[in-house]
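Mapping of the sequence shown onto this note's numbering: residues 10 to 125, in sequence order.
Here the structure comes first, spelled out in structure tokens, and everything after it is commentary.
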Amino acid sequence: QVQLVESGGGLVQAGGSLKLSCAASGTFFNFNTVGWYRQAPGKQRELVATITSHSRINYADSVKGRFTISRDNAKNTVYLQMNSLKLEDKADYLCYLRNNNGMEYWGKGTLVTVSS
């Protein structure tokens, strides 16, 4: 079955950077749309960024110019480089994958905490 394992979360000061990784298994990664969502306490899950199999990228307006999504198909991994982090970026970041049949999968999340 499909498994998504995130890593790279942690504590960072406002203005700092973190890079998240998500390793996928059990899927034809090259053909999948992958990306990141986040969920802060008491808030709904929201899109951060996605990247399709053709490397078409979509960012949430709140992260444009600060976050960069990329994928390495040889490693079945999607990355999220987060720069200029803000207090409001604090959330649980979840890896997302959608296969060609429209099935969606989620990782368990990695926590990003931004301090002032």
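All residues carry an ideal CB built from backbone N, CA and C; glycine is no exception.
Small disclaimer: the values here were computed from a predicted structure and weren't measured.
Go ahead and label R47 buried or exposed: buried means 16 or more other beta carbons lie within 10 angstroms of its beta carbon, across all protein chains shown. Translated into positions along the sequence shown, residue 47 becomes position 38. Answer is buried; the Cβ neighbour count reaches 16.
*Indicate the three-state DSSP secondary structure (helix, strand or coil) for A83 in the structure shown.*
As a first step, residue 83 is located in the sequence shown; it is residue number 74 there, counting from the start. If DSSP states are grouped into helix, strand and coil, A83 belongs with the helices.
* So which of V11, L29, G74, Y68 has the shortest CA-CA distance to G118? -> In the sequence shown, the residue the question calls residue 118 occupies position 109. Looking at the Cα atoms, L29 is the closest of the given residues.
- N- and C-terminal bounds of the beta strand (DSSP E) containing S124: Translated into positions along the sequence shown, residue 124 becomes position 115. 119-124 is the span of the beta strand (DSSP E), which, as asked, contains S124.
Three-state class that DSSP yields for N67 in the structure shown: Locating residue 67 in the sequence shown gives position 58, where the first residue counts as 1. N67 falls in the strand class under three-state DSSP.
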